[in-house]
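Take a look at the structure below.
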């Protein structure tokens, strides 16, 4: 995958101290990763890049909305997401990203691309189960919800079934209670 230029930070020319980077993330960003779970997205990622003498500290903050389909009704809705991530970059002999909070890059590097970290920050900020807020509070009117209600077992039928029992089963139930 080819890195996107706007997410490459050339840290050689930066002075020591805090530097701010802001990114507007839309659907084109996710199309680059071939990720199509979002119908639409409007996310702002703020990156605080702190350059120190021997390392860099990166603090990512993502906030915005993604339009996803509900897992229950398949109705699209806007889901608010908010997530943050802290990364330390150090220099070493070879590239090493085994630890998720520490990245070691070779001494000769002069820039770092943060697009993969932003992608993971956003995708992991979305809950695994996406339920439309109208389903939770009962205000959503949908054909799927009406069909689910029609097909669900009614309490009345369960009560009628319990009243009409075979007397042989009643004797067996008494065995459990007679302990």
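In the UniProt record's numbering, the protein residues as written are 1 to 179.
Glycine residues also receive a C-beta, built at the ideal position from the N, C-alpha and C atoms.
Cβ neighbour criterion (16 or more within 10 Å) applied to residue i
i, result
"residue 94", "exposed"
"residue 115", "buried"
"residue 92", "exposed"
"residue 107", "exposed"
"residue 28", "exposed"
"residue 125", "buried"
"residue 38", "buried"
"residue 33", "exposed"
"residue 40", "exposed"
"residue 110", "exposed"
Straight-line gap, residue i to residue j (C-alpha atoms, nearest Å)
i, j, result
"residue 102", "residue 89", "6 Å"
"residue 82", "residue 165", "54 Å"
"residue 71", "residue 150", "19 Å"
"residue 30", "residue 77", "18 Å"
"residue 97", "residue 87", "11 Å"
"residue 142", "residue 60", "38 Å"
"residue 113", "residue 13", "15 Å"
"residue 100", "residue 122", "16 Å"
"residue 25", "residue 53", "31 Å"
"residue 180", "residue 56", "Look at the range of the chain in this structure, 1 to 179, and you will see that residue 180 is not part of it."
"residue 131", "residue 66", "13 Å"
"residue 172", "residue 136", "41 Å"
"residue 134", "residue 119", "28 Å"
Residue i - DSSP class collapsed to helix/strand/coil
i, result
"residue 47", "strand"
"residue 10", "coil"
"residue 33", "coil"
"residue 80", "strand"
"residue 99", "coil"
"residue 135", "helix"
"residue 150", "helix"
Practice problem: Evaluate the contact criterion for the stretch 16–23 versus the stretch 35–51: three or more CB pairs, one atom per stretch, below 8 Å. | Solution: yes
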